[in-house]
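K.L.:
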Amino acid sequence: MKHRWGPKTTFEHKTERQCERCGMIKVSRSEHEGGRDRYWTEFYAAGGFDRIEGEGTPACEPAEQAA
Ligand SMILES: [Zn+2]
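Per the working numbering, residue 15 is the first one in the sequence shown, and the count goes up by one each step.
This is the structure:
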């Protein structure tokens, strides 16, 4: 399942978007280093504290809704 990314929040060196389904946070970072710009993306579990390791975009796995 693909994430449904919400509105972008822009900071000085990064932007954040949160998935409206599973709460995962996608962080796009940029840094000026050694005369050139670097860009990379990180993913954090809902809450924003636990970085998700691995290649590519983690799957969208919404938490079970309480019935
Ligand atoms: Zn998601």
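The beta carbon of each residue, even a glycine, is placed where N, CA and C say it ideally should be.
#1: In terms of DSSP beta bridges, what is Cys74 paired with?
#2: In whole angstroms, give me the CA-to-CA distance for Arg52 and Ser42.
#3: Cβ of Arg35 within 7 angstroms of any heavy atom in ligand 1?
#4: Using the C-alpha atoms, what's the distance from Trp19 back to Glu75?
#5: At the level of alpha carbons, what is the spacing between Phe63 and Ile39?
P.N.:
Here's the rundown:
#1: DSSP, once it has assigned bridges, lists no residue as partnering Cys74.
#2: If I take the Cα positions, the gap works out to 11 angstroms.
#3: Between ligand 1 and the CB of Arg35, the shortest heavy atom gap is smaller than 7 angstroms.
#4: Between Glu75 and Trp19, the C-alpha separation is close to 13 angstroms.
#5: Computed Cα separation, rounded: 10 angstroms.
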